[in-house]
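Visitor: Chains as they are written, first to last, in the numbering used here: chain C, 89 to 241; chain A, 89 to 241; chain F, 301 to 415; chain B, 301 to 415.
Attaching a single structure in structure tokens format; questions to follow.
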Ligand SMILES: Nc1ncnc2c1ncn2[C@@H]1O[C@H](COP(=O)(O)OP(=O)(O)O)[C@@H](O)[C@H]1O
Ligand SMILES: Nc1ncnc2c1ncn2[C@@H]1O[C@H](COP(=O)(O)OP(=O)(O)O)[C@@H](O)[C@H]1O
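Right, here's the structure in full:
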């Protein structure tokens, strides 16, 4: 599959049983557009985390409201936007997870967003509580350094 | 996964390379809601045929317009609606494929709709050429006879 | 990752095509090319072994329809072998067993060509 | 079709949990139940063998965080073994090797408990 501009839109019931399906879709698309297995599994996990948050936090686990996924691919990147219309959160007030501190306190939870940021090249939150909450994640086909190298060729 | 009322909506670029992804999604959902492997593969093939037609006929193969899939599940059935906004066709004027005649003439093509009808419990076409064309396919969890049996229990 | 593959082997004056994976509207052109190049070489005695085929849609069946007339006009045939039940069902639903020689196994089909 | 499975075996006074398949927000409660029932039985020396685990998300890691304090307060431990590199990376990204004993193989972990 060529890296033409392409767009996939999915609305999927927000139950944990669908995380497997979502991972399968994301990894199939990521692989088809040419990411290596390592990047495919990073993208897969980051999207799983974003969708698990929608199920757990946005809709408080008890509603069959949709998780809204938009995947866009162009010649240089794959971006995934996960949208919900749930209760939202103030990400500016989120404590920056300090992993050492976190571990010292043996807290449960709070790992998802940290992972998303570690796995993807860009992660951006946008929440209007009660209206809509969006996480946008981007992965580039080439890292910055590689891009420079590719240009030189 | 329970057979609660559930809805999946997908918009996927209409290229043949995506038929594999579409089959994977359809068969995963069909399996999760409890169809046996035999029915899963029938639904998978019927939806492949409908989507292949969108790619081949509606958009004449050369556009990245979306195939629009809506999957709905309730306690007694799974229904799949495949929509395109392509050139459409007059299904009332379609010759009823007579397979024997077809084979005698060794024609190429024209098998997809015949298969869809053979594989699914209900198939319904609806086309407003240039506006939108829809194929709705339904598969019941229990066949008519089984339903009667189930009621008697 | 190829989702479909065609490999070729010769057995006397018969050619056996092994098809593997998923045969759909995306991969059908690969089989079409495979058959076309046999015909271009004047090779009309063809066995297609379905042993490793996992999936087929009407686009795949259409490929055989596209060649059979020409091949038979040249005193040849396409014989289909080793279909799993799921794949055979698709052929059967469409009445293909009336038109094609669908056989249990490859060797049987080769023997029939040579008899 | 189960996408996740926990099986249990005893080796002296150590319990080994084998986890298999996909450990995510959907299946994490199954592991939680497995660990909870060990603790209810006063079993605090636990090895979790990741050999057959294909996938883990933070919901799976969270399960270990939920039990470790209680287990250590009871002179026990959870030792994690046989992770494939993809799974280890997730633990590593989150700094878990600082907190957990992550070992090459099961036998090694059992031996350490008994030494
Ligand atoms: N889609 C969302 N809707 C509402 N709140 C969210 C959403 N995503 C994340 N959050 C908030 O951000 C917090 C941190 O999320 P995360 O790092 O994934 O850890 P965890 O889910 O384990 O708490 C959550 O506890 C929740 O309060
Ligand atoms: N989505 C569609 N848009 C426009 N025309 C269609 C569509 N689906 C089917 N058709 C028409 O119906 C005909 C029969 O379709 P089908 O039985 O699948 O066989 P084939 O695709 O091999 O021709 C097609 O040739 C086409 O003219």
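Note that CB positions come from ideal geometry on N, CA and C, so glycine has one too.
Along the beta strand (DSSP E) that carries residue 160 of chain A, what are the first and last residues, could you check?
Guide: 154 to 161
Visitor: Mind checking if residue 221 of chain A is an interface residue toward chain F, Cβ cutoff 7 Å exclusive?
Guide: no
Visitor: Is residue 103 of chain A near ligand 2, going by C-beta to nearest heavy atom under 6 Å?
Guide: no
Visitor: State the DSSP-derived secondary structure class of residue 305 of chain F, mapped to helix, strand or coil.
Guide: strand
Visitor: Helix, strand or coil for residue 229 of chain C, going by three-state DSSP, please let me know.
Guide: coil
Visitor: Check whether the Cβ atoms of residue 227 of chain C and residue 131 of chain C lie closer than 7 Å to each other.
Guide: yes
Visitor: Taking its Cβ as the centre, do 16 or more other Cβ atoms sit within 10 Å of residue 241 of chain A, making it buried, or is it exposed?
Guide: Bear in mind that the predicted position of residue 241 of chain A carries a pLDDT of just 46, short of 50, making it unreliable; the figure below should be weighed with that in mind. Residue 241 of chain A comes out exposed.
Visitor: Could you name the residues of chain A that residue 324 of chain F contacts, counting a contact when the two beta carbons are closer than 9 Å?
Guide: 104, 107, 108, 111, 136 and 140
Visitor: Could you give the uninterrupted runs of the alpha helix (DSSP H) lying entirely in the stretch 314 to 376 of chain B, keeping only those of 4 residues or more?
Guide: 328 to 340 and 358 to 373
Visitor: By the criterion of Cβ-Cβ separation under 9 Å, what are the contact partners of residue 202 of chain A in chain F?
Guide: 358, 393 and 394
Visitor: In chain B, which residues lie with their C-beta within 7 Å of the C-beta of residue 199 of chain C?
Guide: 358, 361, 362 and 394
Visitor: Please report the distance separating the alpha-carbon of residue 345 of chain B from that of residue 105 of chain C.
Guide: 31 Å
Visitor: Which two residues bound the contiguous alpha helix (DSSP H) that contains residue 386 of chain F?
Guide: 385 to 393
Visitor: Alpha carbon to alpha carbon, how far is residue 385 of chain B from residue 351 of chain B?
Guide: In a straight line, the C-alpha of residue 385 of chain B is about 11 Å away from that of residue 351 of chain B.
Visitor: Taking all protein chains shown into account, do 16 or more other C-beta atoms lie within 10 angstroms of the C-beta of residue 383 of chain F, making it buried, or fewer, making it exposed?
Guide: buried
Visitor: Counting only beta-carbon atoms, is residue 96 of chain C nearer than 7 Å to chain A?
Guide: yes
Visitor: Would you mind working out which of A:96, A:198, A:141 and A:97 sits nearest residue 223 of chain A, comparing C-alpha positions?
Guide: A:141
Visitor: If you follow the alpha helix (DSSP H) that residue 98 of chain A is part of, which residue opens it and which one closes it?
Guide: Counting along the chain, residue 98 of chain A falls outside any alpha helix (DSSP H), though it belongs to the beta strand (DSSP E) covering 94 to 101.
Visitor: Would you check if the distance between the CB atom of residue 220 of chain A and the CB atom of residue 211 of chain A is smaller than 7 Å?
Guide: no
Visitor: Is DSSP giving residue 212 of chain C helix, strand or coil here?
Guide: strand
Visitor: Can you tell me the Cα-Cα spacing of residue 155 of chain C and residue 305 of chain F, whole angstroms?
Guide: 37 Å
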